[in-house]
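Those protein sequences? They're chains A and B, same order as listed.
Residue numbering for the first sequence follows my numbering, starting at 886 and increasing by one per position.
Residue numbering for the second sequence follows my numbering, starting at 215 and increasing by one per position.
Here a beta-carbon is modelled for each residue, glycine too, at the ideal position from N, C-alpha and C.
Note that the structure is predicted; figures quoted are calculated from it, not measured.
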Amino acid sequence: MASYKPVVVQSFPKLGEKITQDTLYWKSYKTPVQIKEFGAVTKIDFSPIPPHNYAVTASSRIHIYGRYSQEPIKTFSRFKDAAYCATYRDDGKLLVAGSEEGVVRLFDIIGRAALRQYDGHTKPVHVADFLSDKYRIFSAADDYTSKLWDIPTATAIVSYSEHTDYVRCGCISKLNTDVFVTGSYDHTVKVFDARREKSVMTVEHGQPVESVLLFPSGGLLVSAGGRYVKVWDVLKGGQLLVSLKNHHKTVTCLCLNSSGQRLLSGSLDRHVKIYSTTSYKVVHSFNYAASILSLALAPEDETIVVGMTNGVLNVRHRKHEKSKECLPKKKQPAYRTFVKGRSYMPKQEDFFVSKPVKSHLKKYDKLLKSFQVSKALDVVLQAHNRTPEITVAVMQELTRRGTLANALAGRDEAQLSVLMAFLIRYVVEPRFAPMLIKVAEMIIDIYLPVVGQSTVIDKQFLKLQEIVEKEIDYQAELLEVLGMMDALFATMTRKKATSLEENKTNGILRSPEQDMNN
Amino acid sequence: MVAHQPLRVVRCGGSKLSGARAAFSADAKYLLCTSGDYVKVYSTATEECVHILQGHTNLVTGIQLNPQNHMQLYSCSLDGTIKLWDFTDGILIKTFVVGYKLFALYMLADSEGSVFIIIPKKNEDASDSFQLVSVKLPKTPDQEVEAKDLSLILDDIGRSPKCTAFGREGEYVASVRGLHLLVHFFKKKKTNRFPLSGTSRKGANNYFTCVACHPKEDCIASGHKDGKIRLWRNFNHKREYTFSTLHWHHDVVMDVAFSVEGNSLLSGGVESVLVQWRDGSDCKKEFLPRLGSTIEHISVSPDGTFYCTSHTDNKITIVHSNLRVSAVIQGLVKGSDVKTGLVVDPRTKALVLNGKPGHLQFYCLQTDKQLYNLDIVQQEYIHQVGLHQTELVKAAFNTQGSWLATVEQREDKEIELELQMKLWNYDEQTQSFTLNTRINMPHEAHITALCFRDTDELEDATPTLVTAGKDGRFKVWMLVNDSAEKPSMSWSCGFVGSYHNYPANSCCFSEDGSLLAVSFEETVTVWDSDTWDLKCTFCHPPGKIRNLCFGRLSCSKYLLGTTDNGFLCCWNLLSCALEWSTQLNVIVLQPDPLSENIAAVSQLLDHSDLFVFKPNEPRPFCIQRNVCRERVQWAVFIPRDVPESVGSEKHQWLNRSQLYMLTETQDLLTFSTKSPEERLTPSSKQLAVEESLPVTPFYLLLGKHRRQQQSKENAELGTAVIQSQLPQDSPEIKELLHTPAHVLPSASFLCSIFINSLLISKENKSSGDVVDEVEMDSEKAEDESDEDVELSEMEQDTNPTEFLGEIAPKLSKAQEKELRKIRRMDYSWVAAL
């Protein structure tokens, strides 16, 4: 006849975010390393050359950190006031930085003193970068100007003063040696070509622009300002492609991942959001302790470094799974032993004798099949502490059979304490609460006469009581909140409710009339 | 118009098969069992019903093979007659009128011409004391004989046939009642009474439930209420009797039986485990577990090859003596309360309702056979009295039959309600339903109604399901794609509606699926199924809405509702007004899916009436009073495969679909306009059995010939070729088939004769217009083994077998060769003709 049906273990839906490729990818970072800087971290830049050191600009210093170092391996501290925007050149040998006093300095990463100094700006220089031909530097300052400098001669080549407010961000095109972009607090982003006297394109962001970014292809321009991140199509003459509003405070920094498939934005609301550059949907987000000012990703996304207003530098390194595979594997039969004969196609004259499929029952199922309820409960309590749903499913099966009390009774101290530990751990979990509350009640009923004989059990009982009391308090509080929300919703939907009332009265009034007619 | 025939109520699905112990025929080829007023003869090999012995006018209570002639069967019934049947042909031979209600029938091998019966003491309904009497059956050639020669044997015994058993060679009879075992010895005319104490300290319950006697020794086995089995010995002494106890059952022992040789004892009970005790010892026992439901009766075939157990859920299991189930005869499962109601599977047109515990049964009404059971709950069923099991309470199909929704619940006083809704998808490949979504606690309280939105196949709407619950909400469930990567579909809640937190009683979609009606207590709410906005409400105070349904086809603008204070109301959806209402205590309201007709079954005092009407016409066009005495629980219209032409205009509504009703006593009723004679036309059951016999290689060979002959005969009816003799009639074949294999000469010797007998004679062959083409490998053909020749015969579909019989057995060698050549030729051109 029908064979034994094993216990059905309920599967519960995973609450919270769904697991996608992205969440898996972005979650595979180790616990962050926190490094305290002297002031707010305004800029982080990775060296394009291995071993990918990174320069961190904070207060009046520029620190250079190695990949796994917690201490700076080099420090540039020849600034009288705050330094800004320390950026590597493509070859990783030179570093340029603006400063509060309006001077742009060029450093050799081996040396200590500045190689060159570029004077000309009258206000603090917040932006400085190398053009992609490596021989020119562009800088932009709070005096509304942006300038191009020749590195060897330290002379200004061009100066543009089209912005009408502070210029606080900029970037260069990797493809074209002459093109660079600046963003300003006058709500505009301008694209300049060093060969022209004037800007070649202007887009209106709508808020003071805090950060701009050109895609590696140069076709798309991303600007961040206010709560918005906007993507512009440069090739279509600066047409707005998409406007993202996923932060609830000013977005301060932008960054692309190494493949260019994901866009990261950091904001004062302490979040880093990751967007897909195909759908422009948020695929993941990180949470930080303080407002974020700067953000950088190492090549191959090996490291995420985030700088915050409280001067903390947060460094996350990627986990590597390779170490696990290197572990010596247990010797197992070769794969072919298992598939031996599986692929054999029966010939026409062969008699096919089908082998009955052996169903393997779990240990608790075997015990339940032979009605050994106490043992079955013991088995699931010991072995499956990691899978409480199996334990609860067996308990449910026992209630269904009406033998849960028998299974719970007659335990010694050690067995009971395992059971109590399970209860203490899971009794407040909503998935298991209905079942476990009943189990707890039964245990109290059964073991009430022997309370006081064992200190271990007494302690566990007290702990259970404490947990349950705490949970009751929580629930009461939640009910209050729910009541408040109900009141709010009621005021919002009053209008609709009245219309329903009218309808109803109509129906009631009408039907008796019709009755009379009939 | 044909003569007006009255509409008759017909019971279908048959009665319980487990009314009395079943009996095997002497060769164990047939199983005979009682079924209501009939005795049914089943084939043990094919599980098919071969004959139905009809004649009794009341419940048949016992059947026994005639010990003198094992092709005959005695049956006794509550109508006071004993009938003698020839069960192989299904003929009633004799009727003996006793004149008392007969509750059991026993026969002994040596007591010729007399039978033992159990009759009530005073021949009244109310009488609760019974006696065992022997009746002399008079030997007269008449068809109907009065048998009044009764002699009392035992007084004040149990009514159940299980409580009395006859011992070795009819020397004694044992009977149990309450706490007493009575043993009466025929020769000594002595009765011994063995009492047991009522209760003991250990809480034993010693009441007897059944008794059986050892066929060879002086040993009586008795079953008890607390699950014990006692083996009594030495009972011819009043004082020095002994008994040993076997205890495995934890609940009542329903029946015990000894095997034919008496070396093993079988017992069964509520646990639905057949226990075989070897040599009457406690340690040597074997089990056949999970038989499905409580074992009521156990019987053993006379040749000892089979056991059979009758179960409470209308099932008979035939078990091999090595405790392997060999066949299951399953009627409409009538075990539990039908909570799902009657549902029609749109795919197979089968009736779907609660089956085995936790299962849905699919029952084919055309063949009166169970198709299959679908396991819904998927939990191990513990056979124990008083357990709160998970019950299947609701089931619904969508219009195409591709989705099935089921609701199961478990209710216990101590623990809160457990609800689970499951959605099953029909898998075309495996031809069965597979679980798609499981929803825990879809509602906070009981689910009262469940319905799918009807959609056309062409329309690409998302499948939608609505559930209404006592928690005052109705929920709309929709099929959605739940993950972006994989194309996996699952159901999730799309909308929750409520109306002043009144409990929702029922819900119903309109025919086109655009409107949803949900009733909350006394109010009917109508919702737009696109936006889920409340459109309007209807009310007919005071009275809770019981049923709700929309009109169909031309009447789709009407909404019908019944209230529990006895009103049937019809609202017009266009004017939002009550169209008409009438005072009628409607229990069941069921629309016909193929027409505008709506059937309403009302309950008045002690009988149910049926009304069939159209919503646009408040006057019913068919009223059928007194459909049945019991309360009708459920009803359903089942579309007919072929529209039936019903003569009477009054019964036109039965043309396209048939109405089935299920009563409280779980009888399935339907209507028929045919007279009883028409319905009971003997079918070609005998043929069906023959065809469904297992196929043997010889059958393949010979059966094929026979079928070909038949088809040929049909095709060439006009030609002069006449089949005179069947091939198996030839002496050679007879010899081959009927001689035991171990005395036959070697096969190679026989084969030539055998093959010769199959060959065609020369004269006939010439008429076949043979083509000149001759195969070249005729020499080789001779060398081939003769089996190959046989094989080739089977392969050639169009052998001219009509000539087979007329072969002259002796042919010259040359002729034989010639013939073989012809046989190997392709005759497919014959078929082309």
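Bridge partner(s) assigned by DSSP for residue i
i, result
"residue 391/B", "394/B"
"residue 1276/A", "DSSP, once it has assigned bridges, lists no residue as partnering residue 1276/A."
"residue 443/B", "437/B, 460/B"
"residue 1124/A", "1118/A"
"residue 1193/A", "1177/A"
"residue 641/B", "646/B"
"residue 287/B", "279/B, 299/B"
Proximity of residue i and residue j at Cβ, strictly below 8 Å
i, j, result
"residue 650/B", "residue 639/B", "yes"
"residue 1029/A", "residue 1066/A", "no"
"residue 1034/A", "residue 1070/A", "no"
"residue 662/B", "residue 684/B", "yes"
"residue 1056/B", "residue 885/B", "Residue 1056/B lies beyond the residue range present for chain B, which begins at 215 and ends at 1047; the question has no answer from this structure."
"residue 836/B", "residue 877/B", "no"
"residue 1244/A", "residue 888/A", "yes"
"residue 367/B", "residue 393/B", "no"
"residue 525/B", "residue 502/B", "no"
"residue 848/B", "residue 556/B", "yes"
Inter-residue Cα distance where the pair is residue i and residue j
i, j, result
"residue 597/B", "residue 1275/A", "24 Å"
"residue 905/B", "residue 260/B", "Caution is warranted here: a pLDDT of 44 is assigned to residue 905/B, below 50, making its placement in the model unreliable, and no coordinate value can be reported."
"residue 1159/A", "residue 748/B", "42 Å"
"residue 494/B", "residue 232/B", "27 Å"
"residue 474/B", "residue 513/B", "10 Å"
"residue 1342/A", "residue 531/B", "52 Å"
"residue 207/B", "residue 569/B", "Any question about residue 207/B goes unanswered here, given that chain B covers just 215 to 1047."
"residue 1027/B", "residue 1232/A", "38 Å"
"residue 666/B", "residue 774/B", "18 Å"
"residue 803/B", "residue 827/B", "11 Å"
"residue 692/B", "residue 287/B", "59 Å"
"residue 1205/A", "residue 910/A", "12 Å"
"residue 1006/A", "residue 984/A", "10 Å"
Same chain only: Cβ atoms within 8 Å of residue i, ignoring 5 sequence neighbours per side
i, result
"residue 972/A", "928, 930, 940, 980, 981, 982, 1013, 1014, 1015"
"residue 242/B", "258, 515, 516, 517, 519, 520"
Spatially closest choice to residue i from the options, by CA coordinates
i, options, result
"residue 904/A", "1254/A, 1279/A, 1170/A, 968/A", "1170/A"
"residue 882/B", "480/B, 577/B, 410/B", "577/B"
"residue 315/B", "294/B, 306/B, 868/B, 327/B", "294/B"
"residue 1240/A", "1250/A, 1226/A, 1251/A", "1226/A"
"residue 1280/A", "1094/A, 1359/A, 1292/A", "1292/A"
"residue 558/B", "540/B, 572/B, 616/B", "616/B"
"residue 1088/A", "1048/A, 936/A, 1061/A", "1048/A"
Close Cβ partners of residue i (< 7 Å) along its chain, the five nearest in sequence each way excluded
i, result
"residue 838/B", "221, 823, 824"
"residue 500/B", "490, 537"
"residue 467/B", "423, 424, 437, 438, 441, 443, 481, 483"
"residue 1350/A", "none"
Cut-off 6 Å between Cβ atoms - residues of its own chain near residue i, not counting five sequence neighbours on either side
i, result
"residue 548/B", "528, 880"
"residue 800/B", "776, 782, 814, 816"
"residue 1124/A", "1118"
"residue 900/B", "Because residue 900/B carries a pLDDT of 43, less than 50, the predicted location of this residue cannot be relied on, and no value is offered for it."
"residue 752/B", "738, 785"
"residue 992/A", "961, 980, 999"
"residue 1130/A", "1112, 1113"
"residue 830/B", "769"
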